[in-house]
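In the numbering used here, the protein residues as written are 78 to 187. Glycine included, every Cβ here is placed at the ideal spot set by N, Cα and C.
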Amino acid sequence: MTLPIQIAPSVLPADFSKFGEEIHALDEAGVDIIQFDVMDGQFVPNLTFGPDVIAAVRPYTKKPFEAHLMVYTPDVMAQRYIEAGCQRLIVHAEACTHLHRTLENIRTMG
């Protein structure tokens with residue numbers, strides 16, 4: 078079975094001084110999903126979006142939000158990103174002590 082292609086651009090290169098407008102522009106362009114590359118400064122050297130930033134731009138679109146959690150503690154962080162408005166999460170298997178438990182916990186959250 079072939080799944081339909083979905084377009085999910087990352088907002089990492091966006092102009093953060095007008096972040097809401099950038100999110101709205103992606104919506105208007107017809108993307109399927111909006112992806113946030115979440116980095117904690119430990120799992121990867123950069124530091125990016127906290128859940129408060131994602132919650133702040135949630136009103137600019139009804140498109141699904143996806144958080145790519147490049148973090149050491151996806152188990153701890155997952156709930157906060159779901160509460161911020163993310164419908165999809167991506168975790169790194171190597172960041173999860175027990176991947177099956179992490180996935181089970183995320184599934185029960187949403």
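| Query | Result |
| --- | --- |
| C-beta contact flag for His145 and Val108 at 8 angstroms | no |
| Counterpart residues of His124 in DSSP-defined beta bridges | Reading the sequence as shown, one finds Leu at residue 124 and not His. Asp117. |
| Same chain, Cβ closer than 6 angstroms to Arg157, five either side skipped, listed in chain order | Pro128 |
| Distance CB(Gly187)-CB(Ile167) smaller than 8 angstroms | no |
| Helix, strand or coil at Met154 [DSSP, three-state] | helix |
| Presumed contact (8 angstroms Cβ cut-off) between Asp152 and Thr125, rounded CB distance | That pair is no contact at about 19 angstroms. |
| As assigned by DSSP and simplified to three states, the class of His101 | helix |
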